[in-house]
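Numbering (our numbering), first residue to last: 376 to 1008.
Each residue gets a CB set at the ideal place from its N, CA and C atoms; glycine is no exception.
All of these numbers come straight from a predicted model, not from anything done at the bench.
The structure appears right after this line, and notes come after that.
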Amino acid sequence: MTAASKETLGFKTEVKQLLHLMIHSLYSNKEIFLRELISNASDACDKLRFEALQNDALFEGNAELGVHIDFDTEARTLTIEDNGIGMNREEVINHLGTIAKSGTAEFLSKLSGDQKKDSQLIGQFGVGFYSAFIVADKVTVETRRAGDDAADGVCWESAGEGEFTLESIDKANRGTRITLHLKEDDGEFADSFRLRSLIKKYSDHIAVPVYLPQEVSEDDADGENKQIPEAVNQAKALWTRSKSDLSDDEYKEFYKHVSHDWNDPLLWLHNRVEGKLDYTSLLYIPAKAPFDIWNREATRGLKLYVQRVFIMDDAEQFLPLYLRFVKGVLDSNDLSLNVSREILQKDKQVDSLRSALVKRVLDSLDKLAKNEPEKYQSFWDEFGDVLKEGPAEDFANREKIAKLFRFATTKSDSAVQNVGLEDYIARMREGQKKIYYITGDNYAAVSSSPHLEYFRTKGVEVLLLTDRVDEWMVGHLTDFDGKVFQDVTKGELDLDELADAEEKEQQKALEETHKDLVERVQKALDGDVKNVRVSSRLTDSPACLVVGQYDMGGHMRRLMEAAGQAVPEPETALEINPSHPLIQRLDSEQDDSRFAELAQVIYAQAQLAEGSQLKQPAEYVARLNKLLLDLMR
């Protein structure tokens, strides 16, 4: 080791921010640092076992994997050491000097400065190694990658502030040793009883043994006091154990191990299957959405094991993208130990496993919705938008997925999405054949839309869809339980199932009576709308805009335009309500110029009512001001 081999480097900005937050926000939950470090050590052992499948020499003559914990009460140090895969110099810089997570900047932008709220966000982000600085004012990491020479060891050290040092060292054994120099107030973690209780509480499920030094009496050690390592945990993969032998707390702690989420899960599904397929799965539904749930490129998937041998951390082939929030473990006895991501994409066994796991998740969510509606509502509030991607991605299960959807409706008391499609259909009017819906930017806008007026008078419930994904979703769902979805803002309103014979006759009479008015408005708005017609859907408003049955809705059009995409102009119709005083005043106007001005104002108001931006707002204001001045004279 030479002085030239030592260098000082600065942390990336995001690491500095997270370190500051952890030190100041997580002081009330300090003990979780041990779970995180043991979990990382266990993962390192898993990764060595996997790489050694191709290169047995990586074991370096010692295939007994484990995690050793030691402490020095007087020196106030705590050491966590594993003989797993270890790291080389480049890996140390990448793993301990930066946070290799997509969406880190977005995550940091959500931090508010409120320590309690920010600590919850940190839990969703999962910071692993850096939790050491909650209890330590200095951390030393000594590591060597399996298969490298002893002289290729690396020592990383930092006080958790702006920088860290790197130094080349000789390290005879592969793996990683982390030494925590505990803060003055955290000496409790250099205590055998305290450590033993924490290991049992948080890490009993770890599949490799976690050792603590056990003092042996003189009689048992040939007259000498000795300390020998003693395994504290069960060291048996939790998912291989019987469900009846596992407590809720053990399931919860294992979830935190596989997900790096600090919250308890909402529910878990533990199953052993034998027969055509031979596998064990332990799947978790989180209680809270991770910070990067909308990053479709973020790492996702299950921890994959084959015959209890770890294969990969994020096997995404076993669950579709709309179930990307599901965490857990899949242990298959059918797949090859040499399986790779490329092989997984072509393996028919994978398709069978995927179908079985998807069915299990959807059935469990359906059961939750029926038996624990309040708990299901909390799931929907977190993951409903993601689940709505399902009908487009999983045609075979689209009805089963749609059964899980929840919506706000015109019969809801608030914007809370708590009405299922089965409930909607059960409340449909006699003879009603369609599921009516409206999309918009927010609840206030859609719930007050003029397009709902006729439906309210008839007591017909309408779904209020305000999520960004909604219009795209119904474009792929199209029907449910034999009932077709119908956007109330598109096409001419079909009165066949809603109106009686008398109403239909009245509508025809209105259209005939106001034929001249329609022609005059059409002329005044030439180039602005494709056509004008007497409305059958308005009762209180003077006018509304309607797009063609197969045109893109206004909500989706605005979203796409905001994203910078070119969108074709729809064929828009203006529907007028001849019983409204404003339309009656328009009809009585003899001056063609004033008629055109008033028609333009009515058209602009219809645009605003549907949430659109006016192309020439100054022109609208000028027209409106002119009309107001005329009234004041």
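If I measure Cβ to Cβ from residue 378 and keep anything under 6 Å in the same chain, skipping five residues before and after, which residues do I get? Legend: pLDDT at residue 378 = 46, less than 50; position of this residue unreliable, no value from coordinates given.
Bounding residues of the alpha helix (DSSP H) (the contiguous stretch that carries residue 418): 407-426
Could you give the DSSP three-state label for residue 614: helix, strand or coil? helix
Can the beta-carbon of residue 744 be found less than 8 Å from the beta-carbon of residue 705? no
Decide if the segment 719-728 is in contact with the segment 676-696; the criterion is three or more beta carbon pairs, one per stretch, under 8 Å apart. yes
Give me the residue from 948, 838, 923 with the minimum Cα distance to residue 860. 838
Backbone secondary structure at residue 604 - three-state DSSP: strand
Helix, strand or coil for residue 972, going by three-state DSSP, please let me know. helix
In angstroms with no decimal places, state the Cα-to-Cα distance between residue 530 and residue 516. 6 Å
Considering just the uninterrupted stretch of the beta strand (DSSP E) at residue 452, what are its terminal residues? 452-457
Assess contact between the segment 632-647 and the segment 731-747, defined as three or more Cβ pairs (one per stretch) separated by less than 8 Å. Is contact present? yes
Using the Cβ count rule (16 or more neighbours within 10 Å means buried), how would you classify residue 637? buried
Determine, using beta carbons only, whether residue 412 and residue 507 come nearer to each other than 8 Å. yes
From the DSSP output, which residues share a beta bridge with residue 813? 839
Let me confirm a value: residue 651 is counted as buried when at least 16 other C-beta atoms fall within 10 Å, else exposed. Which label applies? exposed
Per DSSP, what kind of secondary structure is residue 532 in: helix, strand or coil? strand
Using alpha carbons as the reference points, say which of 913, 919, 915 lies closest to residue 320. A query on residue 320 cannot be resolved here, the shown segment of the chain reaching from 376 to 1008 and no further.
Opening and closing residue of the alpha helix (DSSP H) in which residue 702 lies: No alpha helix (DSSP H) contains residue 702, which is instead part of the beta strand (DSSP E) from 702-707.
Where do the ends of the beta strand (DSSP E) carrying residue 582 lie? First-last for residue 582: undefined, no H or E at that position.
So, helix, strand or coil for residue 637, using DSSP? coil
Please classify residue 475 as buried or exposed, where buried requires at least 16 other C-beta atoms within 10 Å of its C-beta. In this prediction, residue 475 scores a pLDDT of 49, lower than 50, which makes its location untrustworthy; the coordinate-derived value is nonetheless stated afterwards. Burial call: exposed.
I'd like to know if the segment 785-800 and the segment 694-710 are in contact, where contact means that at least 3 CB-CB pairs between them fall below 8 Å. no
Quick one, which of 694, 981, 709, 632 has its alpha-carbon nearest residue 762's? 694
Closer than 7 Å by C-beta to residue 477: which residues in its own chain qualify, once you throw out the five before and the five after it? Chain order, please. For residue 477, the predicted structure reports a pLDDT of 48, less than 50, and the residue's modelled location is therefore unreliable. The matter cannot be settled from this model.
Using DSSP with H/G/I as helix, E/B as strand and the rest coil, what is residue 953? coil
Can you tell me where the beta strand (DSSP E) holding residue 681 begins and where it ends? 677-681
So, with DSSP's three-state summary, where would you put residue 588? strand
Leaving aside the five residues before and after residue 574 along the sequence, list all residues of the same chain whose C-beta is less than 8 Å from its C-beta, in chain order. 409, 413, 444, 585, 587, 607, 608
With 16 as the cutoff for other CB atoms within 10 Å, does residue 865 come out buried or exposed? buried
Alpha carbons only, please: which of 526, 557, 564, 725 is nearest the one belonging to residue 546? 526
Taking DSSP as the reference, what is the three-state secondary structure of residue 511? strand
What would DSSP say about residue 802, mapped onto helix, strand or coil? coil
Taking the alpha helix (DSSP H) that residue 930 belongs to, which residues open and close that run? 929-937
Exposure of residue 458, with buried meaning 16 or more beta-carbon neighbours within 10 Å: buried
Which stretch, first to last residue, makes up the beta strand (DSSP E) that contains residue 830? Where residue 830 is concerned, there is no enclosing beta strand (DSSP E), although the alpha helix (DSSP H) it sits in stretches over 828-832.
DSSP three-state assignment for residue 325, whether helix, strand or coil: Outside the modelled stretch of the chain, which goes from 376 to 1008, sits residue 325, for which no answer is possible.
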